[in-house]
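In my numbering, the protein residues as written are 78 to 505. Using N, Cα and C, we set each Cβ at its ideal position, and we do this for glycine too. Encoded as structure tokens, the structure appears first; notes follow it.
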DNA sequence: AGCACA
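What follows is the structure, encoded as structure tokens:
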């Protein structure tokens, strides 16, 4: 338990630094003027002006700490405040020890724009709206948004500088069209400069950043080290050790999700050993057990947040379960142990026997045409071979069409998943 | 009027 240094972040007096932070500058302020301002006290070795959203802040770095102290001391007791172009300038020690000069400031034309969204409700502007606005000028590769002292900002990446320039010329200083904003959102205007970036790094698709060149979004492929960034709950709870058992909850369940459907989805990443479904506060949840943690990690990363059916239906939310081995007492339509060749099923004889018989095939197809409905709820799809499936690697497109539109037929011996859902697909 | 493009 190392005690966190409880140093207050806000101090009215910064400790001395060679670097001074200036504010309330006129926006036209130049480096020359900053040097003039500091010259009486020492040698100004670096400056940075036009800082911040309003371009009214600046930094001066002296050669020597004492010179900075001289300047601060002088104006602390002077009756005449420091001024630039007749405007009073406020000085203090910077909280940094040197100016970092990205000497490539805002004039270098590039393919990435730095956009500051200004307005009361600036941060009500979603990344999707930004995407829409900037897409008018060309393909938008990536967008990241962030909140800083400058306000709500975004970096918008185009393929080339020409496209970015046309967007900048058209949009800089303009307001986001009203019809793109929710009713209650006030005017939001855009201030645009070039960014020095050429290629943004977007690790995750999220409400804060998007990579439109990489639709198969979710997370890093490296299953092994999914560095603690597990499901960052709103409260930032990072505890949730990986497990070979996943807990899936299903939102927006417009279609019934059966055991077989779940099996189909999760088997795309590796052998599924057991599944148990249950209702939890009004929703459906399921525990899915893999033989190993790695498989579960891959499946989780690929499936989290995705929908079983197109159109946002049956959205999966996946976390790691605390279980490591499910105890399936009975195979029925809610729970199944795929490692048991022929478990006792008290209720009725299963029509499709012995999963080992015909080298079973896994479900590839989507919920599949349910023409010849075999009304066989409980024992429906035994298609899965026990133990190890032939599907070693994960990462296959687990996304499926809605029940009715995915019409791939099962091959020989194709077992339709039980069609408890009678509902038509969304296309109908 | 309060610290720089994550």
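Secondary structure at residue 177: coil, using DSSP grouped into helix, strand and coil. The three-state reading of DSSP puts residue 397 in strand, counting E and B together. Contact annotation, residue 145 with residue 99: C-beta distance approximately 12 Å; criterion of less than 8 Å not satisfied.
DSSP places residue 236 in the coil class of the three-state scheme, outside both helix and strand. Counting the other CB atoms within 10 Å of its CB gives residue 188 a total of 16 or more, which places it among the buried residues. DSSP places residue 370 in the helix class (H, G or I) of the three-state scheme. Separation of the CB atoms of residue 277 and residue 331 is rounded to 35 Å, and the pair is thereby denied contact status at 8 Å. About 6 Å separates the CB atoms of residue 329 and residue 390; that is less than 8 Å, so the two are in contact. Per the DSSP secondary-structure output, residue 170 pairs in a beta bridge with 97.
For residue 143, the enclosing alpha helix (DSSP H) starts and ends at 142-154.
Residue 142 and residue 95 have their C-alpha atoms roughly 4 Å apart. Setting aside the 5 residues that flank it on each side, residue 411 is surrounded in the same chain by 354, each with a C-beta closer than 6 Å to its C-beta; the list follows chain order. If you check the CB distance, residue 91 and residue 178 do not come in under 8 Å. Residue state for residue 200 is assigned as helix, using DSSP reduced to three classes. When 147, 129 and 166 are compared, the shortest CA-CA separation from residue 195 is found for 129.
The beta carbons of residue 269 and residue 325 sit no closer together than 8 Å.
Per DSSP, residue 186 lies in no alpha helix (DSSP H) and is assigned neither H nor E. Secondary structure note for residue 354: its beta strand (DSSP E) is the uninterrupted segment 351-357. Nearest Cα to residue 174 within the set 97, 161 and 286: 97.
If you draw a straight line from the Cα of residue 392 to the Cα of residue 382, it comes to about 6 Å.
Two segments are said to touch when three or more pairs of C-beta atoms, one from each, lie closer than 8 Å; by this definition the stretch 203-222 touches the stretch 242-254. Remark: C-beta atoms of residue 271 and residue 351 do not approach each other more closely than 8 Å. The beta carbon of residue 362 sits closer than 8 Å to the beta carbons of 324, 325, 326, 327, 354, 355 and 356 from its chain, once the five residues preceding and following it are set aside; these are given in chain order. The Cβ-Cβ distance between residue 109 and residue 123 does not fall below 8 Å. The criterion of a C-beta distance shorter than 8 Å is not satisfied by residue 126 and residue 114. In the DSSP assignment, residue 113 falls within the unbroken alpha helix (DSSP H) covering 108-115.
Just so you know, the alpha carbons of residue 346 and residue 385 end up roughly 14 Å apart. In this structure, the beta-carbon distance from residue 288 to residue 377 does not fall below 8 Å.
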